[in-house]
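Below is one structure, written out as structure tokens; the observations come after it.
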Amino acid sequence: MSTRTASHNEFIDGNLSAVAVQAAKPLFTWKGATFSWLFEVQPVIRVTSGAPPERVPTLANDPTEAGNPERLARYALRSGLGLGVAPFGAEASLPVRPSTQVVLNVTSGGAWFNQVVPYGKATQANFTVAPGIALQQQVGARDLLAVGYALHHLSNASMGGANPGMNSHLLFMRWGRRR
Numbered sequence: 001m002s003t004r005t006a007s008h009n010e011f012i013d014g015n016l017s018a019v020a021v022q023a024a025k026p027l028f029t030w031k032g033a034t035f036s037w038l039f040e041v042q043p044v045i046r047v048t049s050g051a052p053p054e055r056v057p058t059l060a061n062d063p064t065e066a067g068n069p070e071r072l073a074r075y076a077l078r079s080g081l082g083l084g085v086a087p088f089g090a091e092a093s094l095p096v097r098p099s100t101q102v103v104l105n106v107t108s109g110g111a112w113f114n115q116v117v118p119y120g121k122a123t124q125a126n127f128t129v130a131p132g133i134a135l136q137q138q139v140g141a142r143d144l145l146a147v148g149y150a151l152h153h154l155s156n157a158s159m160g161g162a163n164p165g166m167n168s169h170l171l172f173m174r175w176g177r178r179r
């Protein structure tokens, strides 16, 4: 799957992967579906990113950026690390069989990286939102296993000199335990 800029939907030769821990607090049940508040901590986010070729400054279109080697390096393909927290989340578990559910969720929060992400005039601090869908199966008296997909979006909400953002497709596996 490809990673793309959020601002112009351009291909980025990069990727994003994360380790995350989630906690869900059930709020209510309605017609068999459980609705929960979802909190996520991402202690490790690994990102590789760089600018699409048409966004790299040249002396003709942006002499200030192109003439400064330190600023120009922010457009090159590079890897970095970050951490994140997403305290604003929601989840709905919809039963399809007695021990199987479809899970729809979304998390929202922020992430801090050791470099500018994704490139150029963006910032090290970014906001995140990740809607997802999964199939969850009960695998014991209290254990749950889910496999799913999330579209992870990060951007600086125009707080930097530019807001290219980054959209990544994530496949995930989640193990959980009911109380």
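Once you know that position 84 of the sequence shown is 84 in this note's numbering, the rest is easy, because the numbers rise by one and skip nothing.
Built from N, CA and C at the ideal position, the CB exists for glycine as well.
When the Cα of Ala-18 is compared with those of Thr-128, Glu-54, Leu-94 and Ala-51, which residue comes out closest? Thr-128
What's the C-alpha gap between Asn-114 and Gly-140?
-> 41 Å
Report the start-end ranges of each beta strand (DSSP E) in the segment 26-85 that is 3 residues or longer and not cut off at the edges.
33-49
Alpha carbon to alpha carbon, how far is Pro-69 from Val-21?
39 Å
Among residues of its own chain, excluding the 5 on either side of Ala-66, which ones have a beta-carbon nearer than 7 Å to its beta-carbon?
Pro-57, Thr-58, Leu-59 and Leu-72
Exercise. Among Lys-25, Ala-86 and Gln-42, which has the Cα closest to the Cα of Thr-34?
Worked result: Lys-25
- Does the beta-carbon of Ala-23 have 16 or more other beta-carbons within 10 angstroms, so that it is buried, or is it exposed? exposed
> For Ala-111 versus Gly-132, is the C-beta distance shorter than 9 Å?
Replying inline: no
Handout entry: Under the three-state DSSP convention, the category Ser-99 falls into
Key = coil
Can you look up Ala-24 in the DSSP assignment and give me helix, strand or coil?
strand
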